[in-house]
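First the structure, in the form of structure tokens, and then the observations on it.
Residue numbers (this note's numbering): 937 to 1193.
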């Protein structure tokens, strides 16, 4: 494997640009998906005064399809970028990486998103009934619910893209044939960066090890949370939501600026 020279800030900026492009692409798909399902929810409630289980099943399956396809594209782009950086033509199959991620993370994330949507819709129905609102008004409130807001589509797109990208980076890097692979946490280092992510910036560990993130608790104090990569679900929402950290991967004898 060729020895390379790596500019850390340049590498971070390249990953950030890639992340923005990938998340914007799936964000637009999720917005269209929300529009479709907010309209369907409104129609179903006017017709039946409730939403069927088929509605939630279709919601889950369609969103899973969107995010699964997005994951495949993201990991493919990650694979191309890392191999180009290392100047290698290794042709390792990435389908197992994609399938593992979708089975372990995408499916669970979509279940959580679907359940949150169900609760938001049910809340609108209960509030409308308590207030004595007409069916058409409740249906309109469901359609305008926060569950279908563009800002939520953006949040989902960013979170899912960030997690898939960092997971893909890690798994592809493990297959590059590095002699002594190292990963380094790289934070944005601006006013929006979490203080506890800023403090771990530049920390290096072996590629199979976890970073220990000293995470503030809501009631005070901190707890140490192991994370394999930024966006790792083990870190919980306080470490994952709207995170813009990435990892740098290199060999121990690479030149790192």
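Where is the CB? At the ideal position from N, CA and C, for every residue including glycine.
Keep in mind that this is a model prediction, so the values were computed, not measured.
Beta-carbon spacing of residue i, residue j below 8 Å
i: residue 1095; j: residue 1176; result: yes
i: residue 1079; j: residue 984; result: no
i: residue 1013; j: residue 958; result: yes
i: residue 1143; j: residue 1072; result: no
i: residue 1122; j: residue 948; result: yes
i: residue 1010; j: residue 1104; result: yes
i: residue 1191; j: residue 941; result: yes
i: residue 1193; j: residue 1019; result: no
i: residue 1257; j: residue 1102; result: In the structure as shown, the chain begins at 937 and stops at 1193. Residue 1257 is therefore absent and cannot be evaluated.
i: residue 1067; j: residue 1185; result: no
Reference residue i, options the options, closest by Cα
i: residue 1001; options: 1120, 981, 1033 and 1045; result: 1045
i: residue 1129; options: 1088, 1120, 1099 and 1174; result: 1174
i: residue 1178; options: 1057, 1141, 1093 and 958; result: 1093
i: residue 973; options: 987, 1014 and 1171; result: 987
i: residue 1090; options: 965, 948, 939 and 943; result: 965
i: residue 1152; options: 1172, 1041 and 1072; result: 1172
i: residue 1098; options: 1018, 944, 1180 and 940; result: 1180
i: residue 1107; options: 1036, 1063 and 1049; result: 1036
i: residue 955; options: 996, 991, 990 and 1007; result: 1007
i: residue 994; options: 1047, 1041, 1029 and 950; result: 1047
i: residue 1120; options: 1126, 1138, 1132 and 1033; result: 1138
i: residue 953; options: 1162, 1182 and 1005; result: 1182
i: residue 1058; options: 989, 1147, 1034 and 1189; result: 989
i: residue 1146; options: 1163, 1132 and 1131; result: 1163
i: residue 950; options: 1017, 1004, 1060 and 1140; result: 1017
i: residue 1141; options: 980, 1088 and 1165; result: 1165
i: residue 980; options: 1041, 1029, 996 and 1061; result: 1061
Close beta carbons around residue i, own chain, < 7 Å, minus the five adjacent residues each side
i: residue 969; result: 998, 999 and 1002
i: residue 1132; result: 1149, 1150, 1151 and 1152
Nonlocal neighbours in the same chain, by C-beta distance under 8 Å from residue i, ignoring five residues either side
i: residue 978; result: 1075, 1076, 1078 and 1079
i: residue 1064; result: 1073, 1074 and 1077
i: residue 960; result: 1093
Same chain only: Cβ atoms within 6 Å of residue i, ignoring 5 sequence neighbours per side
i: residue 1134; result: 1123
heavy atom of the ligand MN below 7 Å from residue i C-beta
i: residue 1145; result: Ligands displayed in this structure: none; no statement on the ligand MN is therefore possible.
*What are the complete beta strand (DSSP E) segments, minimum 3 residues, inside the region 952-998?*
none
*For the region 1012-1024 and the region 1105-1118, state whether three or more C-beta atom pairs, one from each stretch, are separated by less than 8 Å.*
yes
*Is the region 1076-1090 touching the region 1048-1058 in the sense that three or more CB pairs, one from each, lie closer than 8 Å?*
yes
_Complete runs of the alpha helix (DSSP H) confined to the region 1066-1100 [at least 4 residues]_ = 1071-1079
*Complete alpha helix (DSSP H) runs within the region 1000-1062 (minimum length 4 residues, chain order)*: 1031-1037
_For a minimum of 4 consecutive residues, which ranges assigned as the alpha helix (DSSP H) are wholly contained in the region 1104-1150?_
1131-1134
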